[in-house]
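Each residue of the sequence shown is one higher than the last, beginning at 849 in our numbering. Cβ coordinates follow ideal geometry from the N, Cα and C atoms, glycine included. Because the structure is a prediction, the values reported are computed rather than measured.
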Amino acid sequence: RRSMGQSIHASTQVYLADSMGELWLWYALSQVCFVGGSLNEPGGGHNILEPMVLNVPTVVGPRYFNFQTIVDEFIDENAVLIAQDAQQVVDIWLACLAEPEATEQLVVQAHKVLQRNQGSLQKHIGVINRYLAEKS
């Protein structure tokens, strides 16, 4: 566990990155990731865009309602994997590591979703400006 100051050794198989402000580093070092808060009750999930931007194949649990619209868009494009339980997370990770071509396809699909949604700030500003112009 990162928060306990534990070191990473050659024999380390899993390292829990549970400290604030460092996820970008851990995602960048990852071959595949699980975005937590979505497996157990009450769930809700966390932001999947962070690993997606870094081209990291991403797995989430079924309880991702805090990011419903975002996750659903990635699901529609076959760009994110959903695990129903912890064992399935492990199974998916192992499959991703064993099948790099299929895993790369997840990254390609995720990139399409990200590209399609680029410029959302400017789109929102445009909508707000049109609304304000109508009101004045």
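With a threshold of 16 other CB atoms inside 10 Å of the CB of L877, please say whether the residue is buried or exposed. Taking the first residue of the sequence shown as 1, we reach residue 877 at position 29. The residue in question, L877, is exposed, as its Cβ has fewer than 16 Cβ neighbours within 10 Å.
Span of the beta strand (DSSP E), counted from its first residue to its last, around T906: On the sequence shown, position 58 is the one that residue 906 refers to. Looking at the DSSP string, the run of the beta strand (DSSP E) that includes T906 is T906 to V908.
Considering just the uninterrupted stretch of the beta strand (DSSP E) at N883, what are its terminal residues? Along the sequence shown, read from residue 1 onward, the residue named residue 883 stands at position 35. According to the sequence shown, residue 883 is Val rather than Asn. Note, V883: beta strand (DSSP E), C881 to V883.
Measure the CB-CB distance between V907 and L929 and report whether it falls below 7 Å. In the sequence shown, counting from the first residue as 1, residue 907 sits at position 59. In the sequence shown, counting from the first residue as 1, residue 929 sits at position 81. Yes, the Cβ-Cβ distance between V907 and L929 is below 7 Å.
Does the beta carbon of R850 fall short of 6 Å from some heavy atom of the ligand ADP? For the ligand ADP, the structure offers nothing, since it holds no ligand at all.
Assuming L897 and I918 make a contact with CB atoms under 8 Å, what is their CB distance in whole Å? To locate residue 897, count along the sequence shown from 1; it is residue 49. To locate residue 918, count along the sequence shown from 1; it is residue 70. Confirmed, Cβ separation roughly 7 Å.
Give the straight-line distance between the Cα atoms of P948 and I976, rounded to the nearest whole angstrom. Start at 1 with the first residue of the sequence shown, and residue 948 comes out as number 100. Start at 1 with the first residue of the sequence shown, and residue 976 comes out as number 128. Going from the Cα of P948 to the Cα of I976 covers about 43 Å.
For L929, which three-state DSSP category applies? On the sequence shown, residue 929 is found 81 positions in, with the first residue counted as 1. Correct three-state label for L929: strand.
Have a look at V901, Q936 and N914 and flag the residue whose alpha-carbon is nearest the alpha-carbon of G892. Looking up residue 892 in the sequence shown gives position 44. Taking only the C-alpha atoms, the option nearest G892 is N914.
Could I get the ranges of all uninterrupted alpha helix (DSSP H) runs contained in the region 852-922, with 4 residues as the minimum, in chain order? 871-876 and 897-901
My understanding is that V862 touches V880, with C-beta atoms under 8 Å, so please give their C-beta distance in whole angstroms. By one-based count along the sequence shown, residue 862 stands at place 14. By one-based count along the sequence shown, residue 880 stands at place 32. Distance from V862 to V880 at the Cβ level is roughly 12 Å; contact not present, criterion being Cβ atoms closer than 8 Å.
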